[in-house]
Amino acid sequence: MVKKIVAKSFEEFQAAIKSLRPKDTKENQDLVLCLFTGSEDDSGKSWCPDCVAAKPILAEALEKAPKETTLITCYIERAIWKDLKNPFRTDKSLNLKCVPTLMRWGTAQRLDDTQCQKKDMVEMLLED
Numbered sequence: 458m459v460k461k462i463v464a465k466s467f468e469e470f471q472a473a474i475k476s477l478r479p480k481d482t483k484e485n486q487d488l489v490l491c492l493f494t495g496s497e498d499d500s501g502k503s504w505c506p507d508c509v510a511a512k513p514i515l516a517e518a519l520e521k522a523p524k525e526t527t528l529i530t531c532y533i534e535r536a537i538w539k540d541l542k543n544p545f546r547t548d549k550s551l552n553l554k555c556v557p558t559l560m561r562w563g564t565a566q567r568l569d570d571t572q573c574q575k576k577d578m579v580e581m582l583l584e585d
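Numbered continuously in our numbering, the sequence shown closes out at residue 585.
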């Protein structure tokens, strides 16, 4: 079963990463995925059209993720994302260019933007 952590700010994301057990972040151990996506309104709809399109594909693929998977979903407000100097864009460990972005933490493997809408690419990212 996928362990899910939600972050609603850069600081919450950093805290989530720091909260992982040491084995969660080592190679060949538990899979840690980070999903950066547009925040959602009360009805569950994001301001980001690509995030809306990717959501069902990501959800389906994550159902088949290895059982020792941690998913950190970071919801980013539109105003924060539009600021080119926001920490999601400037932090060297993230260096985000777009949302949605799904990455394997601690590796260079990531899917950006419309790649998150391609089931085969998402499934490949989840494989060992």
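Where is the CB? At the ideal position from N, CA and C, for every residue including glycine.
Nothing here was measured: the structure is a model prediction, and the numbers come from that model.
Between the beta-carbon of residue i and the beta-carbon of residue j, is there less than 8 Å?
i      : j      : result
Phe493 : Thr558 : yes
Val556 : Cys491 : no
Thr530 : Val463 : yes
Leu541 : Leu528 : no
Determine which residues share a DSSP beta bridge with residue i and list them.
i      : result
Thr526 : Leu488
Glu497 : Ser503
Lys435 : Limits of the chain in this structure are 458 at one end and 585 at the other, which puts residue 435 out of reach.
Ile462 : Ile529
For a test of the three-state rule: what should DSSP assign to residue i, helix, strand or coil?
i      : result
Leu568 : strand
Leu582 : helix
Asp481 : No answer about Asp481 holds up, because its pLDDT of 47 lies below 50 and its placement is not dependable.
Tell me which residues share the same chain as residue i and place their Cβ nearer than 7 Å to its Cβ, disregarding the 5 neighbours each side in the sequence.
i      : result
Lys593 : Because the chain in this structure spans residues 458 to 585, residue 593 falls outside the shown range and cannot be described.
Thr571 : Asp507
Glu497 : Ser503, Tyr532
Asn543 : Ile537
Leu551 : Phe545
Using a Cβ-Cβ cut-off of 6 Å (strictly less than) and excluding sequence neighbours within five positions of residue i, which residues of its own chain qualify?
i      : result
Ala522 : Val459, Leu583
Lys576 : Ile514
Arg535 : Trp504
Asn485 : Model confidence at Asn485 stands at a pLDDT of 47, short of 50, so the residue's coordinates are unreliable; what they give is reported in the following sentence. No residues qualify anywhere along the chain.
Please list the segments of the beta strand (DSSP E) lying wholly inside the segment 514-560, counting only runs of 3 or more residues, in order along the chain. 526-533
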